[in-house]
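Numbering (this note's numbering), first residue to last: 7 to 195.
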Amino acid sequence: MSGLTFARIDAVGARQQREIVAGIHRDAYAKRIASGDQFNEPEPFMARFDNYSSNPRLDLVIAYDDAEPVGQIWGWPVRSTSPTWDGLDTLDVPEPRFTEEDGTRTFALSEIMVRQSWAGHGIAHAMHDELLSRRAERRAMLLVDPENSRAYNAYTSWGWYRVGRLLPSWPNAPYFDVLILDLPLTRDS
């Protein structure tokens, strides 16, 4: 890794980067794709990406090692009319009206992935900080597979904490744990 840089891209630019997004996904998720995991197959993943990139408030960061795309992360502010919290198991929700949104309260971090040859070099954390350091929302939320201990451990070491679990309405989606990170980022995040 000689020169890590970031490109910050809006929704229009994200659609123009579709092939790069697909290539990073295929490499980063090669083992899951090979296992027959239908949720992470390229076509359903890119259908979700197309849906995400239709959101005009999408915020995408692609990491490059010199000119080589090596990772990506994206998300968007949760709107007041969003079904983001539908299906949330509220047993762990820490406060009343936790799921009420106004378009400025929560940033939904949707995807973070690093190509296999670059994994384990701090790129995911660097992208995470690049994306979230400029967010004006009061908190970020993400969904994580509770069996993905590598990702789960990384998130908790970056300051994320569990508030519940959720079954998204996407086809073949598993249950996910819902994690929250208070914003703005601090130096320890």
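Note that beta-carbon positions come from the ideal geometry of N, C-alpha and C, so glycine has one too. All of these numbers come straight from a predicted model, not from anything done at the bench.
Proximal residues to F182 (C-beta, below 8 Å), its chain only, five neighbours per side dropped: L149, V150, D151, P152, R171, L172, L173 and P174
Spatial distance of P46 from S88 (CA atoms): Reading the sequence as shown, one finds Asn at residue 46 and not Pro. Using only the alpha carbons, I get a separation of about 23 Å.
Assigned exposure category for T11 - 16 Cβ within 10 Å defines buried: exposed
Residue ranges of each beta strand (DSSP E) within the region 25-87, 3 or longer: 65-71 and 74-83
Within 9 Å, strictly: CB atoms of A160 and A114: no
Of the listed residues L137, W176 and P190, nearest to Q78 (C-alpha basis): L137
Three-state secondary structure (DSSP) of D151: coil
Which listed residue (L187, D16 and F51) has its alpha carbon closest to that of T162: L187
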